[in-house]
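Letter by letter, the sequence shown follows residues 11 to 855 in the working numbering. Backbone N, C-alpha and C fix where the C-beta goes; we use that ideal spot for every residue, glycine too. Since this is a predicted model, take the numbers as computed values, not measurements. What follows is a single structure, written as structure tokens, with notes after it.
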Amino acid sequence: MDPKAYAIHKRLREQTGQRFQPTFSRQHKGPKETTIPLIRPPENCENRKPHVVAYNPLPTPTSIRVLRVHLEEFENEFDFYSTPRCSLVVRDLADDPVYDALSYTWGCPVTIYSDESEVSSAAAWAAPSFDIICDGKPFSITANLYAAILSLRLQASKTGARYCRTVVGEGGPNIIVVVSSTWDIWIDQICVNQSDLQERNSQVMLMGRIFKQSRRCLVWLGGDDQFSQTAIVTMVKVLNVEPESFSKLAARNMFEEEIYKDVVGMEPIEPWEWVTLYAFLSRSWFWRSWVIQEAALSRELSFVCGVTTLTLHHLTTLMDVLIMAKSLKAVGFLAQALQGHSNVFTKKAEAMRAQDPGARLYQPNPDDGPNLPILKHLFEIRTLAFGFQSSIYSFTKAWKPGRHGLSNVLGSFKTMRATDPRDKVYAFLGLAEELGQPGTLLPAYEKPVAEVFRDAIRFMLLSRNSLNALALKEDPQRTKTPGLESWVPDFTSRGLASSRGHPVLNLWSAGELAGNMHFMFRPSGVLEARGLCIGTACAAHEFTGIHRLVLDRGPGSFMSLVQALPECSNVWIPPMTRRLRSYLEVEGLIPNKEVYDQPLIGEEGIMARQPRLEVLWRTLLMNNLGNEFPPSKHTVDLLLRFWDRGLHIRMVTAGATSDPAALIGQINPLHGYVGGNDRNWDMLKSSISSIYCAQRILKGQHGDDDRDELFPEEMRAILPELDAAWAEGRGSDEGIDMAEMVSKKLVRPSFTQVYEFERTVNMNCVGRSLFATMEGKLGVGPVSTREGDEIWNLVGADAPFVLRPQGGGRYTLLGGAYVHGAMFAEWHEGDFDDVAKDIKTISIV
């Protein structure tokens, strides 16, 4: 056995009387480094009687306990695992004490393993299975916290500089500085009496302040496992390449070694290195609700894995680069293939296992993976809201106080998880308060989950005297918590909608002219509101991706929905009022000169004639892209080039791959566009025709009723030859000639523009439905939207909602909506009094 592993084994066996197995079944390929490994719970630790401490009541409402760790001088690596000696001391936040704060997970810090034997139960990870000495007596804590204390104690010691590492980067974090023979740190599991519900509730209210006043927040990602050291080396490789260069991996086979040398200009990244990075970014910390507040409010932030320290900037930049290069999706498929799932990378996984039997994975929860939004949102909050400086860039505060309350925070971090569902609300209260949320919502862990969620949405509505928070509501198909009214969001649902900003020109949103109170909570869970029905859905189509948008046909298809719209729509462009200008300034937007420099717009705005194609792309973007408002008419070129590229790739595939031998050892280039790897000529041919016909209809070059199968001119002449070649499985000279000719048209547009366009459309529309109204409008709403659902503007809301009639003036709420041409109260003419007579009072149940 490796001497280091033996030292860990012996020390932990002596302490627990249990068998301990290191998890390094597949070692890091580089030179062995001294580290603190992932320490798993001992067997049967759930049945072990823990040692507890007797807590004294805290003397003041602002008092906290901190753990004072007594630092050691280590003579050898064996001593790293000596039992930590600590004491609990009481400090008052009013005295501005000096301490650090720990952000970590109570459970297993990893989500991906080499095999099933490495997995311990959630109960084992939650059990207090290891002892520290606290005030001279043993005190039992969880395995992951025990590993964290061992690592951070080593870093704070005089010995730490010899063993601990920092990811190199300008202005990167330093190893923890030794200032005395002791070190104070706040750790919730130890410093809060978890068995005292009253103290737990009161300390939750202080949590934001605790992290805000701490000297630094130390994020413990967990001990080193068989993936992490290789992952960090791989991360450094990626960070040393310019993002624009790395983005060239998009739409290419990122597992081909030549791509890195010839296209990106960097040292190749092996497939297994990608897998280790995927596993590292899938660690549990990136999914825990409480960590958001902890990391957002702290003055300094350092991430630690094993004994390696890195910054938020490192991780944020890494995520941005991987998203731009579309790398994580491909690596995710490879990770699934290494677990035995059949997909496009199955043969690659088999080859990897044949070369190295240790190249295997086990992932108990298929939903675990890199949590893409969290790091970006954290970075924005720290820099733009609180003015913290990054290790590379300098920022000034850009967010206006009071504009980002609890509803914004809950929408932004909807993917975060919590063991206690109530923490999907309570974990964000301190952060929301710092961002300007008015009022106070007191934690009450004794209440049922449904009641906590009902309290939360009532608090958000009443504190702002606004119905905007109703836009958080998830689609009814994705509600999991029982007992919720349709207007109460299920904060445990990953379908929770994100808060979206819209230019607010509707006088109703402010409520001055509609009365001070424009909604009421009635008995039996009824929300009474007032508003005006502005449309009824006549068709709806689920949006599954911009690649697939024009591929289907027939009733219920996207094109049938578009054809329900008028050929041209009258859309009002609002004048540049003080209120609109203020909105643009807050959002960092500038008035589009091609609109607002024309003299006709005046003080009343102007009515613009927009053809179907323009209505479509502005709806997909919710009329927001880049820094201009509204987006330039030339934005349509991005959509057309996007579809052109999909069409041309399919045509190249049709002409060059009719012979199956041509695909040996290659990845089907259609994978990113169709999502499959089957050689289906009928499907390929149909998709080419669908895209071509849809483009002609949207451009006004093709009659609505003419839906016969048509093909581009280059393909039309050789279609019989292609049919025969694909049927016989042979190559076609004519097809290859066509492929070569079409491939010359595959000029890549500006990657940044295309990426931003696709990202914005998918963010707005994926998991939702496009719908047309009987009144000729196009909108984006909940995926459950269907014919007969009504679109309402409610008094006190900035944007429309989709409601389903239940009879007798009662409705169920499906969710928020964007309706192009109806976002600025265009549905009425004149002042508020002119339409007041049409306002109805309705009951949302």
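By how many angstroms is the C-alpha of residue j removed from the C-alpha of residue i?
i	j	result
residue 848	residue 529	17 Å
residue 368	residue 630	45 Å
residue 537	residue 463	15 Å
residue 238	residue 343	20 Å
residue 143	residue 807	56 Å
residue 691	residue 447	56 Å
residue 612	residue 586	9 Å
residue 598	residue 288	34 Å
residue 534	residue 478	22 Å
residue 360	residue 262	21 Å
residue 482	residue 775	15 Å
residue 111	residue 491	33 Å
residue 285	residue 333	16 Å
residue 137	residue 566	53 Å
residue 471	residue 711	48 Å
residue 76	residue 196	5 Å
residue 320	residue 199	24 Å
residue 328	residue 619	43 Å
residue 109	residue 217	14 Å
residue 580	residue 622	11 Å
residue 763	residue 648	8 Å
Does residue i come out as helix, strand or coil in the three-state DSSP assignment?
i	result
residue 721	coil
residue 534	helix
residue 580	strand
residue 638	strand
residue 37	Because residue 37 sits at a pLDDT of 46, beneath the cut-off of 50, its placement in the model cannot be relied upon, and the following sentence gives the value as read from the coordinates. The answer is coil: DSSP assigns residue 37 none of H, G, I, E or B.
residue 545	strand
residue 652	helix
residue 609	helix
residue 349	coil
residue 203	coil
residue 658	helix
residue 814	strand
residue 589	helix
residue 795	coil
Can you name the start and end residues of the alpha helix (DSSP H) that residue i belongs to?
i	result
residue 847	First-last for residue 847: undefined, no H or E at that position.
residue 4	Given that the chain is displayed from residue 11 to residue 855, the structure contains no residue 4 and the question cannot be resolved.
residue 788	Per DSSP, residue 788 belongs to no alpha helix (DSSP H); it is in the beta strand (DSSP E), 788-792.
residue 326	322-334
residue 433	433-436
residue 309	Residue 309 -> no alpha helix (DSSP H), and no H or E assigned at all.
residue 745	743-753
Within 10 angstroms of its Cβ, does residue i collect 16 or more other Cβ (buried), or is it exposed?
i	result
residue 355	buried
residue 168	exposed
residue 34	Low local confidence applies: a pLDDT of 38 at residue 34 is under 50, so the model's placement there is unreliable, with the coordinate-based value given in what follows. So residue 34 ends up on the buried side.
residue 431	buried
residue 734	exposed
residue 398	buried
residue 223	buried
residue 38	Low confidence applies here, because residue 38 scores a pLDDT of 48, under 50, leaving its location unreliable; read the following figure in that light. Buried.
residue 364	exposed
residue 707	buried
residue 600	exposed
residue 670	exposed
residue 3	A question about residue 3 goes unanswered here, because the residues of the chain that appear run from 11 up to 855.
residue 695	buried
residue 213	buried
residue 455	exposed
residue 458	exposed
With which residues is residue i paired in a DSSP beta bridge?
i	result
residue 620	579
residue 101	74
residue 176	319
residue 314	230, 319
residue 804	541
residue 779	552, 791
Could you spell out the range, first to last residue, of the beta strand (DSSP E) harbouring residue i?
i	result
residue 232	227-232
residue 111	110-113
residue 147	147-151
residue 367	From DSSP, residue 367 is part of no beta strand (DSSP E); its letter is neither H nor E.
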